[in-house]
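Heads up: the structure comes next, in structure tokens.
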Amino acid sequence: MARPPSRRPGVNRRAQYGLFASYVITIACAVVGLLLVVISAADPAGFAVLRAGAATFTSPIASTLKSMVRGFGTIDEQIVAYIDAGSQNADLRRQVETNRVKLIEAEAVAQENVRLKKLLGIAQESQDRVAIARMISSSSSISRRLARINAGSNAGVAPGMPVRAPEGLVGRVLIVGPSSADLLLLTDSQNIVPVRRAKDNIGAICSGRDDGTLEIKPLSAGANPFHPGDILVTTGTGGIYRPNIPVAIVVALREGYAIGVPLASPARVETVMVERAYDANIPAPVARSTAPGEASSGTAQ
Amino acid sequence: MDGTPILTVLLASALPTLLPLVAQAPTLPPFGLLLFVGWRLLHHEIWPLWMAAPLGAFDDVMSGNPLGTAIFLWSVINLAIEMVDTRLFWRDYWHDWLIALGAAAAFLFGGLVFARLSGSSAPVALILPQILWSALLYPLIVRVVARTDRWRMMA
């Protein structure tokens, strides 16, 4: 392509000023943009209302599209499952037998737990579900890991609430609009969750690596205590997440930390539950609204 | 018909939030920027220079980047393309492709730097696939832009 006629206006003084002005305006816009970035970095929730407002228009479309393509994401797994059906069936039968026994034992333990907690006077709500929502889209073109669900402040969702799927923790609510909310996924590097190994109490800090995996740093110094296959659950430390929500499974070891993958893979999870933020020192508002001054569960931790 | 280019850029910016895709890592290329660069390289006087700022603001709101990221980066990219245009005696298809690749790389890298400033610790390797997709997708974008432009001129 030949060189296009330049914006340069030649000797026309008026046009020269116009061109100069457009450069000045563009540079001014760039500077304003830079300032906005600094403000956004200092106060990440500052411009949330803009994003939430835009989500009001985009989320119905994304929601409709999602309902059309449901199941497509797991098509490869379904094919493999079909091929393995016979041997898998036998395996699963054996597992069901063993799990049934464990389930009965677990039920007994749970009942005993309830009884002991009552004795101790701990009254932490276990059923503190706020809303059930569907994951409809995500920030698939940027390096932050955000996902959008189709429930918002109308359903009682508020920033900071933990979000989980039946399989495990998904993330926490970041920005809330009237009928949609943005989640900070577990795999984002800004989402830090205190965890412990399920079978013993080795504590660790779990943070995202922005690529779908998690970095699990043990709290104790020395040799890496984790092994591939270890299951990690939340500790409940620091509020937000209730204790004992499954978080991740360790898949690889590195120098000083372990790599895990979330048990509830955001790409595969369809329905998620938004729960009330866990805090042992603040009584859940629903059950105890009759006695606001009484901090009855203050002894929980 | 004058609004068609702007509409296509806005639609491309909104595409990642409209698609029912929950990505584990940054997978989609910056559609909005590629369309913006495509139009700019096809018609150098299609927009005033400052048009990058409002279009970038819309892209920020849609993509989930901190507000200001695309306002700043798109403005800078637009100015840089303007500079390149005054230097180059002529541009062919591969020049356009290199310019678009540079723009996409600059935008993604800038977005990563801004994300890191606000506390993220995403590695640089994370954006390499996106840069690759952008480079591979740009020829298609050029055709979409040209087709839309022809439709716009005929209508």
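The listed protein sequences correspond, in order, to chains A and B. Using my numbering, you'd call the opening residue of the first sequence number 168 and step up by one each time. Using my numbering, you'd call the opening residue of the second sequence number 97 and step up by one each time. Positions of the beta carbon are idealized from the N, C-alpha and C atoms, including for glycine. The structure presented is a predicted model; accordingly, all values stated were derived computationally and were not measured.
- Ranked by Cα distance from B:P116, the first of A:R435, A:D251 and A:D446 is A:R435.
- Interface flag for B:G152 against chain A is set, since a Cβ pair is found closer than 8 Å.
- Relative to B:T244, the option among B:P150, B:A199 and B:L131 whose CA is nearest is B:L131.
- When secondary structure is reduced to three states using DSSP, A:V360 falls in the strand class.
- B:R183 counts as exposed, since fewer than 16 other C-beta atoms from the protein chains shown sit within 10 angstroms of its C-beta.
- A:I192 is a Cβ neighbour of B:W146, given a cutoff of 8 Å.
- Taking a beta-carbon distance threshold of 8 Å, B:I237 does not count as an interface residue toward chain A.
- From the beta-carbon of A:L201, the residues of chain B found nearer than 9 Å are G164, I167 and F168.
- Taking 8 Å as the threshold, the shortest C-beta distance from A:K384 to chain B does not fall below it.
- Secondary structure at A:V330: strand, using DSSP grouped into helix, strand and coil.
- Against chain B, the CB of A:R282 has no partner CB under 8 Å away; the residue lies outside that interface.
- Within chain B, the C-beta atoms nearer than 9 Å to that of A:P211 come from P162, S214 and G215, in chain order.
- Taking a Cβ-Cβ cut-off of 8 Å, the neighbours of B:G207 in chain A comprise I309 and S310, given in sequence order.
- For A:Y424, the uninterrupted beta strand (DSSP E) run begins and ends at Y424 to P429, by DSSP.
- In this model, A:L203 and B:L163 are separated by some 6 Å (Cα to Cα).
- Sequence-distant partners of B:L204 (beyond 5 residues in either direction) whose C-beta falls short of 7 Å from its own C-beta, in its chain, are P126, I223, Q226 and I227.
- A direct Cα-Cα distance of roughly 24 Å separates B:A196 from B:A218.
- For the segment 122–152 of chain B, the set of positions with a beta-carbon nearer than 8 Å to some beta-carbon of chain A reads P122, T123, L124, P125, P126, F127, H140, E141, P144, L145, W146, A148, A149 and G152 in chain order.
- Counting only the Cα atoms, B:D156 lies some 7 Å from B:T165.
- The shortest CA-to-CA distance from B:L124 to any of B:V241, B:V238, B:P144 and B:S230 is the one to B:S230.
- Non-local C-beta neighbours of B:G206 in its own chain, meaning closer than 6 Å and more than five positions away in sequence, comprise L169, ordered along the chain.
- In the three-state reduction of the DSSP assignment, B:Y234 falls in the helix class.
- A:V439 and A:I412 have their C-alpha atoms roughly 13 Å apart.
- Across the segment 221–237 of chain A, CB contacts with chain B closer than 7 Å involve A221, T225, I228, A229, L232, K233 and V236, in sequence order along the chain.
- Linking A:A300 to A:A195 through their CA atoms gives a straight-line distance of about 42 Å.
- Counting C-beta atoms within 10 angstroms of its own C-beta, B:R136 has 16 or more neighbours from the protein chains shown and is therefore classed as buried.
- With a cut-off of 8 Å on Cβ pairs, the segment 318–328 of chain A is in contact with the segment 338–353 of chain A, counting three or more such pairs.
- B:I223 has a beta carbon lying within less than 8 Å of a beta carbon in chain A.
- Out of A:N391, A:G406, A:D377 and A:V418, the CA that lies nearest to the CA of A:D397 is found in A:V418.
- Contacts between A:M440 and chain B, judged by CB atoms closer than 7 Å, are missing: the closest CB pair is about 16 Å apart.
- Taking all protein chains in view, the Cβ of A:F393 is crowded by 16 or more other Cβ atoms within 10 Å, so the residue is classified as buried.
- In the structure shown, A:Y190 falls within a helical segment according to DSSP collapsed to helix, strand and coil.
- Under the DSSP assignment, A:L352 falls in the beta strand (DSSP E) whose first and last residues are A348 to L352.
- In this structure, A:G427 is the residue among A:G427, A:E422, A:R409 and A:G406 with its C-alpha nearest to the C-alpha of A:I416.
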